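Sequence lines, in order, name chains A and B.
Sequential numbering from 1 applies to the first sequence in the working numbering.
Sequential numbering from 1 applies to the second sequence in the working numbering.
Every residue, glycine too, gets a C-beta built ideally from N, C-alpha and C.
As the structure is a prediction and not an experimental result, all values here were calculated from the model.
There are 2 protein chains.
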Amino acid sequence: MISDFQEQAKEIIRRTGDRVTPGRVQALAVLLAEQRAITHHEIEERLLGKLQLDRVTLYRVLEWLSEKGLAHKVASDDRVWRFRANVDVHAHQHAHFKCTCCTKVICLDGLNAAHDWPLPAGYRFQEAELTVKGLCAECA
Amino acid sequence: MISDFQEQAKEIIRRTGDRVTPGRVQALAVLLAEQRAITHHEIEERLLGKLQLDRVTLYRVLEWLSEKGLAHKVASDDRVWRFRANVDVHAHQHAHFKCTCCTKVICLDGLNAAHDWPLPAGYRFQEAELTVKGLCAECA
DNA sequence: AGCTTATTGCAACAAAGTTGCATCTACTAT
DNA sequence: ATAGTAGATGCAACTTTGTTGCAATAAGCT
Numbered sequence: 001m002i003s004d005f006q007e008q009a010k011e012i013i014r015r016t017g018d019r020v021t022p023g024r025v026q027a028l029a030v031l032l033a034e035q036r037a038i039t040h041h042e043i044e045e046r047l048l049g050k051l052q053l054d055r056v057t058l059y060r061v062l063e064w065l066s067e068k069g070l071a072h073k074v075a076s077d078d079r080v081w082r083f084r085a086n087v088d089v090h091a092h093q094h095a096h097f098k099c100t101c102c103t104k105v106i107c108l109d110g111l112n113a114a115h116d117w118p119l120p121a122g123y124r125f126q127e128a129e130l131t132v133k134g135l136c137a138e139c140a
Numbered sequence: 001m002i003s004d005f006q007e008q009a010k011e012i013i014r015r016t017g018d019r020v021t022p023g024r025v026q027a028l029a030v031l032l033a034e035q036r037a038i039t040h041h042e043i044e045e046r047l048l049g050k051l052q053l054d055r056v057t058l059y060r061v062l063e064w065l066s067e068k069g070l071a072h073k074v075a076s077d078d079r080v081w082r083f084r085a086n087v088d089v090h091a092h093q094h095a096h097f098k099c100t101c102c103t104k105v106i107c108l109d110g111l112n113a114a115h116d117w118p119l120p121a122g123y124r125f126q127e128a129e130l131t132v133k134g135l136c137a138e139c140a
């Protein structure tokens with residue numbers, strides 16, 4: 001299973017034309033194996049044993065994944081970025097759910113934060129970030 | 001004008017039953033004088049000259065204002081909390097707009113992030129935080 | 001196999017916020 | 001008015017999350 005994600009990650013990264021490095025492959029593999037948005041810290045934990053990767057390098061890898069559109073960053077109220085691999089045209093405009101109990105974050109793919117929000121005159125819309133908070137099935 | 005806000009702040013604070021201290025009064029007065037959500041740092045700037053208040057104390061005052069429901073905190077993608085005085089039943093459920101150019105944040109009072117978001121089975125809604133990003137009238 | 005340049009690791013730094021504790025002060029009760 | 005007390009404040013030190021500069025390394029090309 002895991003090597004499956006690794007191969008998948010390798011192929012995705014190869015297609016960007018940029019270098020295929022262990023750090024990028026393992027980090028993306030971790031994200032692919034996860035159905036939810038996870039923090040830098042959580043990714044580090046999952047890499048333990050598999051690959052020793054510098055903290056800073058992981059930050060840079062995650063930044064690179066976002067830039068290349070292979071993953072997306074999710075802002076949260078705890079000042080921590082979370083990352084999730086971009087699946088297909090999963091694309092940009094979608095909402096997130098954060099459990100106020102276990103802090104888990106998932107993507108609400110069905111919910112697209114569309115651009116029909118009424119803004120004051122002269123304001124221009126770019127994007128919307130919607131985070132719904134509550135309790136997940138396990139914590140409820 | 002300014003002392004007007006000070007008197008208003010004093011009265012609001014008095015009604016909580018907690019102590020009316022210069023830090024609380026001045027901080028709330030600053031928030032009342034502002035129509036948008038501002039950062040700890042911006043509040044500190046506006047207090048310069050009026051009152052020398054320790055960084056930590058301001059953090060605690062802002063926390064207290066939130067707890068007492070006199071102000072609300074707005075999370076943002078720059079990992080910085082912003083605060084705004086709560087006007088009337090302005091209350092909780094509303095959206096925010098953040099200018100991607102000047103980083104200014106305003107409250108979209110007309111837009112209430114209502115609770116009809118479709119969640120997965122077993123999930124329980126608590127609150128929603130909606131941030132619309134784009135350009136404000138001055139930056140557009 | 002060697003070259004080139006992107007990537008990595010390390011150390012140091014930065015911003016935002018928190019904690020512990022001694023000191024001070026707003027309010028209360030005299 | 002004064003004194004006592006719980007609650008606020010100021011200071012120093014710390015934490016967490018993330019960033020920057022730079023020398024060393026290694027991925028992919030020829």
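Whole beta strand (DSSP E) elements within the region 73 to 108 of chain B, 3-residue minimum
82 to 85, 95 to 99 and 105 to 108
Measure the alpha-carbon distance for Leu65/A versus Val74/A and round it to whole angstroms.
13 Å
Environment of Cys102/B [buried if 16+ CB atoms lie within 10 Å]:
exposed
For chain B, check one thing: does any of its Cβ atoms lie closer than 7 Å to the Cβ of Glu129/A?
yes
Smallest Cα separation from Thr131/A: which of Lys104/B, Glu138/B, Ala137/B and His94/B?
His94/B
Can you tell me whether DSSP reads Glu138/A as helix, strand or coil?
coil
Find out if the Cβ-Cβ distance for the pair Gly23/A, Val61/A is shorter than 7 Å.
yes
Segments assigned alpha helix (DSSP H), at least 4 residues, entirely inside the region 6 to 85 of chain A
22 to 32, 40 to 47 and 55 to 67
What in chain A is Cβ-close to Leu142/B, meaning under 8 Å?
This structure leaves residue 142/B out entirely; chain B is present only between 1 and 140.
Are the CB atoms of Leu47/A and Gln26/A nearer to each other than 7 Å?
yes
Is Gly134/B buried or exposed, if buried means 16 or more other CB atoms sit within 10 Å of its CB?
buried
Run the CB neighbour count on Glu129/B, radius 10 Å, all protein chains shown included, and call it buried at 16 or more, exposed below.
buried
Keeping to the same chain, check which residues put their C-beta closer than 7 Å to that of Asn86/B; ignore five residues upstream and five downstream.
Gly69, Leu70, Ala71 and His72
Nearest to Arg84/B (by Cα), restricted to the options Val105/B, Glu127/B, Ala37/B and Asp77/B
Ala37/B
Output needed in chain order: residues of the region 15 to 32 of chain A with a Cβ under 8 Å from some Cβ in chain B.
none
Cα-Cα separation between Leu28/A and Ala9/A, rounded to whole angstroms:
6 Å
Give the interface partners of Phe83/B over in chain A, defined as CB-CB distance under 7 Å, in chain order.
Simply none; closest approach about 13 Å.
Straight-line Cα distance separating Ala33/A from Pro120/B:
20 Å
Would you say Arg124/A faces chain B, with C-beta separation under 7 Å as the test?
yes
From Cys139/B to Lys50/A, what does the alpha carbon distance come to, in whole angstroms?
47 Å
With distances taken between CB atoms, is the gap from Val105/A to Arg82/A smaller than 7 Å?
yes
If distances are taken between C-alpha atoms only, which option among Gly122/B, Gly17/B and Cys136/B comes closest to Leu108/B?
Cys136/B
Would you list the residues sitting across from Leu119/A in a DSSP beta bridge?
Answer by DSSP bridge pairing: none, since Leu119/A is not bridged.
For Val56/B, does the count of other Cβ atoms within 10 angstroms reach 16, so buried, or fall short, so exposed?
exposed
From Gly17/A to His41/A, what does the alpha carbon distance come to, in whole angstroms?
28 Å
Measuring CB to CB, does Arg126/A end up less than 7 Å from Thr100/B?
Note that residue 126/A is Gln in the sequence shown, not Arg. Going by C-beta atoms, Gln126/A is nearer than 7 Å to Thr100/B.
Does the beta carbon of Asp54/B sit closer than 7 Å to a beta carbon anywhere in chain A?
no
Please determine whether the Cβ atom of His96/B lies at a distance below 6 Å from any heavy atom of the ligand ADP.
This structure does not include the ligand ADP; it has no bound ligands of any sort.
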